[in-house]
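Read the structure below first, then the notes.
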Amino acid sequence: MSEAGLRSGEVASAAGVNVETLRYYERRGLLREPGRSLGGHRLYPPETVTLMRVIKAAQRLGFTLDEVADLLAATRLGRRADAGLQARAAAKLVEVDQKLAELTVIRQSLVDALDAGCDNLLICAESPCCPLPLDPAAQADVKGTEGGCC
1 MSEAGLRSGE VASAAGVNVE TLRYYERRGL LREPGRSLGG HRLYPPETVT LMRVIKAAQR
61 LGFTLDEVAD LLAATRLGRR ADAGLQARAA AKLVEVDQKL AELTVIRQSL VDALDAGCDN
121 LLICAESPCC PLPLDPAAQA DVKGTEGGCC
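In full-length UniProt numbering, the protein residues as written are 1 to 150.
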């Protein structure tokens with residue numbers, strides 16, 4: 001680390017990302033354009049490592065880069081006490097719950113297909129007792145059918 005800042009590789013390594021990610025986030029406006037050394041190398045302030053870690057953590061929580069950018073913009077505008085994280089986290093939680101419900105339905109359809117012995121999508125598509133959601137309207141009549149009908 002130099003006194004003027006961290007080079008791209010140092011930031012990337014410390015934050016667990018690659019150098020192209022830094023440049024991409026810079027282009028997206030998530031990172032401010034860094035200063036340059038006399039040799040033209042990017043020199044980032046040390047807090048960039050923390051910022052990168054925050055961005056990656058927010059992504060792991062399901063926030064898109066646009067959503068992260070909005071959260072960071074609110075924070076940078078001096079509204080640290082109310083940067084909107086509570087409301088956005090609550091909305092994200094609703095999204096996650098909806099996805100979990102959808103995944104639960106998908107999981108059950110797969111279990112039903114395994115239990116029914118489904119092994120060929122074309123045959124299943126023509127079978128009225130196939131549990132796969134090939135025809136959602138027909139699925140209402142299929143529930144409760146057991147055995148290897150496919």
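C-beta atoms are modelled at their ideal positions from N, C-alpha and C, and glycine is treated no differently.
1) Quick check on the burial criterion: 16 or more other C-beta atoms within 10 angstroms. Buried or exposed for L30?
2) For A61, which residues of its own chain have a beta-carbon under 7 Å away from its beta-carbon, when the five flanking residues on both sides are left out?
3) Give me the Cα-Cα distance between E47 and H41, rounded to the nearest whole angstrom.
4) Determine the closest residue to T50 out of L122, D66, V17 and L114, with distance taken between C-alpha atoms.
5) Determine the extent of the alpha helix (DSSP H) in which L43 is found, giving its start and end residues.
6) Skipping 5 residues on each side, what residues in its chain have a beta carbon closer than 6 Å to that of S8?
7) Below 8 Å between beta carbons: does that hold for A113 and P131?
8) Who are the near neighbours of L25 in its chain, counting only those whose CB is closer than 6 Å to its CB and skipping five residues on each side?
Judging by the given coordinates:
1) Looking at its Cβ environment, which holds 16 or more other Cβ atoms inside 10 Å, L30 is buried.
2) Per the sequence presented here, residue 61 reads as Leu, with Ala not at that position. Correct list, in chain order: K92.
3) 18 Å
4) V17
5) Segment R42 to Y44 is the beta strand (DSSP E) holding L43; no alpha helix (DSSP H) there.
6) Contacts found: V19, L22 and R42.
7) yes
8) Here the sequence assigns Tyr to residue 25, which means Leu is not the residue at that position. Cβ within range, chain order: L31.
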